Ligand code: PGA
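In the numbering used here, the protein residues as written are 17 to 268.
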């Protein structure tokens, strides 16, 4: 039985004081999530990680939005896994479509980062998803299959099951145009099939989230599908009231 997961991707939003206010407001809602057997977390910017870690409900997962695959060295502007670990971060989002588009993050690079994170007992959240043009050309599955195969290359089944996947069609991110629950389930079930081919039965243990214009009003519909284990949420994760409503509707 896969545990449900709600992860808020804050992107480049919130100053440290704003992030602190959210963390301080997180206590009751995270207790509610725990009571309903739901994992929940947020991914603040690097400069907000420490304040969120200090002020949150300790059961709120705190994820970074990226990391470098090297432990240290001449990589100006980068943040390493040991640095994140020392401040108390144990999850990292990788391969978000915005990083693929604006920062040249490739599936090959994500594969290196996934291996480095797993070697440090940390949880990678690996994002995949197709553009509108790929979707309209009917090539979603071939595209996503390639992202999964490259991202998971060289992992053992034991390692693979520690990775969380977020399927986010690019055309649904921040557009208000969410995929229907059937479309999301169709692709996510396909991803699980790809994982089964690669890793066998552990594919049933790998959590796969849907992301793209998820709101308190539509999250329950996605959760009614058998292969969707939760959501990666951008805009609707920023305010405590909306985040709380997401948790409540996910639990329902
Ligand atoms: P959105 O973003 O919920 O604002 O569409 C999702 C994401 O990019 O992770």
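Glycine included, every Cβ here is placed at the ideal spot set by N, Cα and C. Computed from a prediction, not measured in an experiment: that's the story for all the values here.
Go ahead and label residue i buried or exposed: buried means 16 or more other beta carbons lie within 10 angstroms of its beta carbon, across all protein chains shown.
{"i": "residue 290", "result": "Only positions 17 to 268 of the chain appear in the structure, and residue 290 is not among them; the question remains open."}
{"i": "residue 118", "result": "exposed"}
{"i": "residue 84", "result": "buried"}
{"i": "residue 20", "result": "buried"}
{"i": "residue 253", "result": "buried"}
{"i": "residue 148", "result": "exposed"}
Would a C-beta distance cut-off of 7 Å place residue i and residue j closer than the cut-off?
{"i": "residue 132", "j": "residue 107", "result": "no"}
{"i": "residue 18", "j": "residue 243", "result": "no"}
{"i": "residue 230", "j": "residue 180", "result": "no"}
{"i": "residue 175", "j": "residue 134", "result": "yes"}
{"i": "residue 241", "j": "residue 201", "result": "yes"}
{"i": "residue 46", "j": "residue 73", "result": "yes"}
{"i": "residue 194", "j": "residue 145", "result": "no"}
{"i": "residue 248", "j": "residue 23", "result": "yes"}
{"i": "residue 188", "j": "residue 213", "result": "no"}
{"i": "residue 7", "j": "residue 197", "result": "Residue coverage of the chain in this structure runs from 17 to 268, which leaves residue 7 outside it and unanswerable."}
{"i": "residue 167", "j": "residue 126", "result": "yes"}
{"i": "residue 52", "j": "residue 268", "result": "no"}
If distances are taken between C-alpha atoms only, which option among the options comes closest to residue i?
{"i": "residue 182", "options": "217, 250, 46, 212", "result": "250"}
{"i": "residue 76", "options": "84, 67, 96, 42", "result": "42"}
{"i": "residue 110", "options": "104, 102, 123", "result": "123"}
{"i": "residue 86", "options": "53, 56, 130", "result": "130"}
{"i": "residue 63", "options": "73, 201, 74, 103", "result": "103"}
{"i": "residue 39", "options": "51, 56, 28", "result": "56"}
{"i": "residue 96", "options": "70, 128, 24, 68", "result": "128"}
{"i": "residue 30", "options": "82, 60, 52", "result": "60"}
{"i": "residue 28", "options": "20, 265, 58, 159", "result": "58"}
{"i": "residue 138", "options": "65, 98, 265, 191", "result": "98"}
If residue i sits next to residue j, beta carbons under 8 Å apart, how far is it from one beta carbon to the other, in whole angstroms?
{"i": "residue 206", "j": "residue 155", "result": "12 Å between Cβ atoms; not a contact."}
{"i": "residue 185", "j": "residue 215", "result": "Not confirmed; about 24 Å, so no contact."}
{"i": "residue 235", "j": "residue 204", "result": "The Cβ separation is near 15 Å, so there is no contact."}
{"i": "residue 67", "j": "residue 90", "result": "That pair is no contact at about 29 Å."}
{"i": "residue 260", "j": "residue 221", "result": "So it is not a contact: roughly 28 Å between Cβ atoms."}
{"i": "residue 115", "j": "residue 82", "result": "6 Å"}
Does the distance between the C-beta of residue i and the nearest non-hydrogen atom of the ligand ATP fall short of 6 Å?
{"i": "residue 229", "result": "The ligand ATP is not among the ligands present in this structure, which contains only the ligand PGA."}
Please decide whether residue i counts as near chain B, where near means a Cβ-Cβ distance under 7 Å.
{"i": "residue 112", "result": "Among the protein chains of the structure shown there is no chain B, as only one such chain exists."}
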